[in-house]
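Numbering (the UniProt record's numbering), first residue to last: 1 to 389.
In what follows, a single structure is set out as structure tokens and then discussed.
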Ligand SMILES: *Cc1c(COP(=O)(O)O)cnc(C)c1O
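In structure tokens form, the structure reads like this:
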């Protein structure tokens, strides 16, 4: 299909067109929401034929095809009821007593899941600074799975993804990348040799803070069958309406992401010069530890920004950070990320967040509002002496 007359379309085009029903006169432009638990069938069910909707349903296919196209995956995607269900399926590849390599700043529930694997299945969990390539490579000896997050949540550390994936491949270690923060517009890890890519679809891909959903993609038919088999056994399946909403959200994902990333970069630049700010983290900033790496292998810097406000008692005051959140009018105080609306939260308000995350770190999920309105609200919230705050 890729020749000079029909070059392969860009992700912005793929997001709009993938997973549409075949064209025919009078046919629907969008897929329906099929509500079926069972399908007419008899005798042995050949692969690919529908029989019972826990195992497979046409309600998932349009979204699964569209996500696979965006991630350049050879196999149809595998949608799950949540990002955590997708992570649980991927972590099932680590055998009892096996070895898992995980970023020390992995998503907190992923980290909790790894604790559970350690306690109940004897899995050795090696927690690494994912930005320290030598340390990660040293941890790969005898490992069963390397699960990479980059940029990390909420510290925004950037891994040298191509280097880690090739080092793991050389050592025969299977790799999975949680691509929720970077999205397929930031990086497509299968192309750099990752075995599996997973998403919390709840975030940027669906994009409207109205669904919880997850997905896995891979090029490997054997791995796809195992992950799909895990989904069937555990029943962690997505509802037809949620999947339809996610596909609807995916249509505008490139537009939303482009705007959110531009807003984030502009806010990060202004925050870096704000008198009420002690530290800003965003890979777009030339002084950010992840900047050079992100510039080298990523197509976007992402829409999450980390901020530590100045406080009287020196750095690290949770109260000062809470006060900033309390003074926001436009920014919504809420967890999660990747929706059209901008959210702000102090991460350590969660007792389960890693203690190596500073107490006063605010995570900003930058939305698609007008950047001047976002700035006016933040600027005011960061100046405690302002009247009317
Ligand atoms: C939110 C999130 C998850 C978990 O996804 P859910 O859809 O909430 O289950 C996993 N990884 C990252 C990086 C996330 O941000």
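All residues carry an ideal CB built from backbone N, CA and C; glycine is no exception.
- Item | Contacting residues, own chain, Cβ-Cβ under 7 Å from residue 55 (five flanking each side not counted) | 232
Would you mind sorting residue 49 into buried or exposed? The rule is 16 or more other CB atoms within 10 Å of its CB.
Counting every other CB atom within 10 Å of its CB across the protein chains shown gives residue 49 a total below 16, marking it as exposed.
Excluding the 5 residues flanking residue 373 on each side, which residues of the same chain have their C-beta closer than 7 Å to its C-beta?
330
Residue of 73, 88, 154 minimising C-alpha distance to residue 145: 88
Review point. How do the segment 147-155 and the segment 357-374 stand: do at least 3 beta-carbon pairs fall below 8 Å, yes or no?
Key: yes
Can you tell me which of the three DSSP states residue 80 falls into? Three-state result, residue 80: strand.
Going by the CB atoms, is the gap between residue 79 and residue 63 shorter than 8 Å?
yes
Pair every Cβ in the segment 187-197 with every Cβ in the segment 214-229, then say whether three or more of these pairs are closer than 8 Å. yes
Practice item. Over the uninterrupted beta strand (DSSP E) stretch that includes residue 175, give me the two end residues. Key: Per DSSP, residue 175 belongs to the beta strand (DSSP E) from 174-178.
**Request:** Run through the segment 118-181 for me and flag every whole beta strand (DSSP E) of 3 or more residues, listed as ranges in chain order.
**Result:** 124-128, 145-149, 174-178
In three-state terms, what does DSSP make of residue 192? helix
| field | Euclidean distance between Cα positions of residue 162 and residue 296 | value | 10 Å
For ligand 1, is there a heavy atom less than 7 Å away from the beta-carbon of residue 87? yes
ask   = Around the Cβ of residue 386, are there at least 16 other Cβ atoms within 10 angstroms (buried) or fewer (exposed)?
value = Reliability fails at residue 386, whose pLDDT of 49 lies under 50, so the model's placement of it is uncertain and no value is given.
**OP:** Taking the CB atoms as reference points, tell me whether residue 267 and residue 362 lie closer together than 8 Å.
**Re:** no
Q | Pick from 380, 185, 77, 140 that is closest to residue 170, judged by C-alpha positions | A | The residue from 380, 185, 77, 140 with its alpha-carbon nearest to that of residue 170 is 140.
Next item on the list: Give a yes or no on whether the C-beta atoms belonging to residue 117 and residue 147 are separated by under 8 Å.
Entry: no
Q. Residue 302: which of 23, 33, 123, 184 sits nearest, CA to CA?
A. 184
Just list the residues that DSSP pairs residue 218 with in beta bridges.
196
**residue 150, buried or exposed, once every other Cβ within 10 Å from all chains shown has been counted against 16** = buried
In chain order, what are the residue ranges of uninterrupted beta strand (DSSP E) at least 3 long that sit wholly in the segment 291-377? 304-309, 343-346, 362-365
Note to self: So residue 178 and residue 113 are supposed to be a Cβ contact under 8 Å. How far apart are they, rounded?
What the structure shows: Rounded, the Cβ-Cβ distance is 12 Å, inconsistent with contact.
Problem - With 16 other Cβ atoms within 10 Å as the buried cut-off, status of residue 186 - result: buried
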